[in-house]
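Engineer: Sending over a structure as structure tokens; questions will come in a sec.
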Amino acid sequence: MFLTLLVVGLVGLGLMAVPAFGLIMGHKSVSGSPVGSPTAIDRMLEFSARHSVAPVVESFPMAKVNDALEHLRSGKARYRIVLENDPA
């Protein structure tokens, strides 16, 4: 049996210790993608729409970009930070 660990997105600092001998002898592999394949993204979006799954984000107006960056750098951001266009 061949097993593959697929890492999608950045995990932690992006570093992962994997013992090479265990991979070779166990017929295992590690693969990764920053966002996933187009097919996987399509399936994920279809699943999300079908089950009303919505992202959890923290929004900041574009005028508060420095506040958003400070929020992120201080470790206070719990979810994705989204910058929204200021009203015209």
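According to the numbering used here, the residues represented by the sequence shown are -8 to 79, in order.
Where a beta carbon is used, it is the ideal one built from N, C-alpha and C, also for glycine.
Predicted, not measured: the structure shown is a model, and the values here were computed from it.
Flag this pair as yes or no: are the beta carbons of Ser50 and Ile72 separated by less than 9 Å?
Structural biologist: Contact flag set, yes.
Engineer: From the beta carbon of Ala54, is the nearest beta carbon of chain C less than 9 Å away?
Structural biologist: This model lacks chain C altogether, as it is built from one protein chain only.
Engineer: At the level of alpha carbons, what is the spacing between Thr30 and Lys55?
Structural biologist: Using only the alpha carbons, I get a separation of about 36 Å.
Engineer: Starting from the C-beta of Val(-1), find all residues in its chain whose C-beta is less than 6 Å away, skip the five residues before and the five after it, and write them out in chain order.
Structural biologist: If we look at Val(-1) and ignore the five residues flanking it on each side, its Cβ neighbours are Ser24 and Gly27.
Engineer: Tell me whether the beta-carbon of Val75 lies closer than 9 Å to the beta-carbon of Pro46.
Structural biologist: For clarity, residue 75 is Glu in the given sequence; the question names Val instead. Not in contact: Glu75 and Pro46 (Cβ atoms no closer than 9 Å).
Engineer: Among all the DSSP beta bridges, which residues are the ones paired with Gly23?
Structural biologist: In DSSP, Gly23 forms a bridge with Val(-2).
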